[in-house]
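Residue numbers (our numbering), protein chains in the order written: chain A, 47 to 279; chain B, 47 to 279.
All residues carry an ideal CB built from backbone N, CA and C; glycine is no exception.
Remember, predicted model here, so these are calculated numbers, not experimental data.
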DNA sequence: CGGTCTGTCAACCATTTGGTTAGATGCCAT
DNA sequence: ATGGCATCTAACCAAATGGTTGACAGACCG
C-alpha cells in the first residue's frame, strides 16, 4: 500500500476533474477535457505567465491549435481553469466542514483534518495553482472571495463560527477562532506545498506518500486537540 | 504604529539584502544591487519562467542591457538570486534556532516563533521565491538541501534533535519531533503566503500588518505550547 | 452521392522576449 | 589635455511564443 509521491507519475494530482454528465455545464469533449487537465497541471507548476501554450498542448498530447479552438486564448483558458480550481478548493473546505458537523467539536476537528488533508493531498494541483495566485498578489482571489462571501455561505466564516460556539460552550479553551482556523489550515496545507523541503526531513514520505498523509493527520490532530483542551484548574 | 501590508508599497519585502562590506564577496555596485533586489521581487511574484527581463529592468529603473552586463543571462541571474535566497531562508531558521538556545524548551519555542515570523514576515520575497521553487518541483531545492545536509549543520535537523531531547527529558509530551517541527513551521509561514486569503478572514491584517504578525505569534504559541505540555496524570 | 458541419493539423504570422553590440558618457591617473 | 577603463544606452537581432489560417478527414444527412 505504499504509493510514491505523485511528482513521480504525472497526471496523478489533478484528480478526476469533471464529474459525470450532471447536466450543469455543456458536456465536454474528451479532447476538451484533456486540455483542461493538462492546463491545470502546467499552470499549477509554472504559474499563469510561466506556462507555455505549447507545453500544455504537449502535456495533453494534442495540437496547439486545439487550445485556441476550444478556449480562444491563454487568458480565457487560465480564467476557466482558475475559476474551476477556486471553487474546487472552496468546496473541499466546505465538504470537510459539512462532514465535520459531528456532536463534539473534537470529533468535528478530527473529521475536518481527515477529509481536508485527504482531498488536497490527492489534488495537489488545485492547491498549487491557488498558491501561485497568492504569490502573484492574489487580486483574482480577492475578487472571487468577495463574490463568495456575498453569498453569506462562505465556509471559512462558518467554520470560524463553529469554533466560536465551542469556545462559548466551554467545550474548548478560549482561542481566537479565526487564528485557530488559520493555524489549522496551515498545518494541513503547508506540508503539502513544501513537500520538496519536508521530504528531506522525512525521507519516508517520498516512498510512502499515503503513510505521510496519515502521519500528518495524526500528529497535527494530537497537537491541536491538546492545544485547545479546556483548563480545569 | 500601524504599517500596512507590504503589498501596498513595493520594495518593502525584500529587506536590506547585502549587509555592509564584510569583505566576503566582491563589493557590488549600487546598480548591481538594484538589479539584484528588483530581480528578487519580480522572481518572487512571477517565478523563474514568468519573470520578464524587461520587467526586472523597469523595476530596477535601469537599462535592460545592464542585466546582462552584470549577470550575463536570465538563468545566471536567477541562479544567483535563488542561491542567495536559499541561504537567507536557511540562515533565518538557523538564527531563530540559535537564539532559541534558552534554558527551557518553552522559552526556546517562544524565541523561535518570535524571530522566525519577524524575519520572514519582513522578507516575504525570500519566502515567496522559495515557494515558487516548491511549486515547480523543487529540484534545485533538493540539490541545495543535500549540499547543506552534507555539512552536518543542517538547522532543521538540529532543531528536531532539540525537540527530541526535550521529549526525552520529559519536558514536553512525547511528540514526533519532525512532525512537530513541520507543524510549527507551517503555522509560521503559511499565513504569510496565503495572506490574500487570510486577510479576507482577518481584514484588520491589511491595515495593521505588524499587529497581525504579533497576533500570529501569540495565537500560534498558545496552541502549540499547550499542545505539547506533558501530562501529569 | 454531394453537401456541410465538426474536429484536427501543419504551416504560417505578428509580437514579445532574451540577448548582443557599437557607440556614448564620465571618471581618473598620467 | 588625453588615453584608458568601467559604466551605461539605444538600436538591433534571432528565437520563442501566442495566436491564426486554409486545407483535410470523417461523420451525419438529404
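Cutoff 7 Å; reference residue i; Cβ partners in own chain excluding five residues on either side
i	result
residue 220 of chain A	213
residue 110 of chain B	99, 100 and 103
residue 262 of chain B	163 and 237
residue 85 of chain A	102, 123 and 127
residue 351 of chain B	In the structure as shown, chain B begins at 47 and stops at 279. Residue 351 of chain B is therefore absent and cannot be evaluated.
residue 113 of chain B	81, 99, 102, 103 and 123
Per-residue contacts from residue i into chain A (C-beta, under 7 Å)
i	result
residue 232 of chain B	232, 233, 236 and 237
residue 95 of chain B	92 and 96
Amino acids of chain A, ordered along the chain, whose beta-carbon sits closer than 8 Å to that of residue i
i	result
residue 180 of chain B	239, 240, 241, 242 and 243
residue 226 of chain B	265 and 269
residue 184 of chain B	241, 242 and 243
residue 222 of chain B	261 and 265
residue 247 of chain B	202, 203, 206, 224, 227 and 228
Residues near residue i in its chain [Cβ-Cβ closer than 6 Å; skip 5 each side]
i	result
residue 217 of chain B	151
residue 132 of chain B	190
residue 245 of chain B	251 and 252
residue 117 of chain B	123
residue 47 of chain B	For residue 47 of chain B, the predicted model reports a pLDDT of 47, less than 50, meaning its position is unreliable and no value from the coordinates is stated.
Alpha-carbon to alpha-carbon, residue j and residue i
i	j	result
residue 82 of chain B	residue 128 of chain B	11 Å
residue 78 of chain A	residue 166 of chain A	24 Å
residue 70 of chain B	residue 194 of chain A	Confidence at residue 70 of chain B is low in this model, with a pLDDT of 38, below 50, so its placement is unreliable and no value can be given for it.
residue 270 of chain B	residue 196 of chain A	34 Å
residue 68 of chain A	residue 170 of chain A	Confidence in residue 68 of chain A is poor, its pLDDT being 36 and thus under 50, which makes the residue's placement unreliable; the coordinate value appears in the next sentence. Answer to the nearest angstrom: the Cα atoms are 24 Å apart.
residue 64 of chain A	residue 137 of chain A	Interpretation of residue 64 of chain A is limited by its pLDDT of 48, a score under 50 that renders its predicted location unreliable; no figure is taken from the coordinates.
residue 239 of chain B	residue 187 of chain B	18 Å
residue 140 of chain A	residue 201 of chain A	5 Å
residue 184 of chain B	residue 242 of chain A	6 Å
residue 229 of chain A	residue 273 of chain A	11 Å
residue 106 of chain A	residue 80 of chain A	6 Å
residue 144 of chain B	residue 175 of chain B	24 Å
residue 97 of chain A	residue 275 of chain B	47 Å
residue 115 of chain A	residue 177 of chain A	29 Å
residue 198 of chain B	residue 154 of chain B	22 Å
residue 51 of chain A	residue 231 of chain B	21 Å
residue 249 of chain B	residue 257 of chain B	12 Å
residue 161 of chain B	residue 259 of chain B	11 Å
residue 278 of chain A	residue 76 of chain A	60 Å
residue 168 of chain A	residue 203 of chain B	28 Å
Within chain B, partners of residue i - CB distance below 9 Å
i	result
residue 174 of chain A	180 and 181
residue 188 of chain A	242, 243, 245 and 246
residue 252 of chain A	Within 9 Å Cβ-Cβ: nothing; residue 252 of chain A doesn't reach chain B, min ~10 Å.
Other residues of its chain near residue i: CB distance less than 8 Å, five sequence neighbours each side excluded
i	result
residue 209 of chain A	151, 218, 221, 223, 226 and 227
Interface residues of chain A facing residue i [CB-CB closer than 9 Å]
i	result
residue 143 of chain B	Neighbours of residue 143 of chain B on chain A: none; closest Cβ ~14 Å, over 9 Å.
residue 195 of chain B	246
residue 131 of chain B	The premise fails here: residue 131 of chain B is roughly 13 Å from chain A at the closest Cβ pair, so nothing lies under 9 Å.
Assumed close pair residue i, residue j - CB separation to whole angstroms, cut-off 8 Å
i	j	result
residue 173 of chain B	residue 236 of chain A	Actually they do not touch by this definition, with Cβ atoms about 11 Å apart.
residue 149 of chain B	residue 92 of chain A	Their Cβ separation, rounded to whole angstroms, is 48 Å, which puts residue 149 of chain B and residue 92 of chain A out of contact at 8 Å.
residue 22 of chain B	residue 142 of chain A	Here chain B covers residues 47 to 279 and nothing more, so residue 22 of chain B does not appear.
residue 125 of chain A	residue 247 of chain B	With 8 Å as the limit, residue 125 of chain A and residue 247 of chain B do not qualify as a contact, their Cβ atoms being about 25 Å apart.
Chain B contact residues for residue i, given Cβ-Cβ distances below 7 Å
i	result
residue 273 of chain A	269, 270, 272 and 273
residue 177 of chain A	177, 181 and 239
residue 213 of chain A	What residue 213 of chain A touches in chain B: nothing, since even the nearest Cβ is about 13 Å away.
Within chain B, the residues that residue i reaches when beta carbons sit closer than 8 Å
i	result
residue 88 of chain A	Per Cβ cutoff of 8 Å: no residues; residue 88 of chain A is ~11 Å from chain B at best.
residue 159 of chain A	Here the premise fails: no neighbours, minimum Cβ distance about 11 Å.
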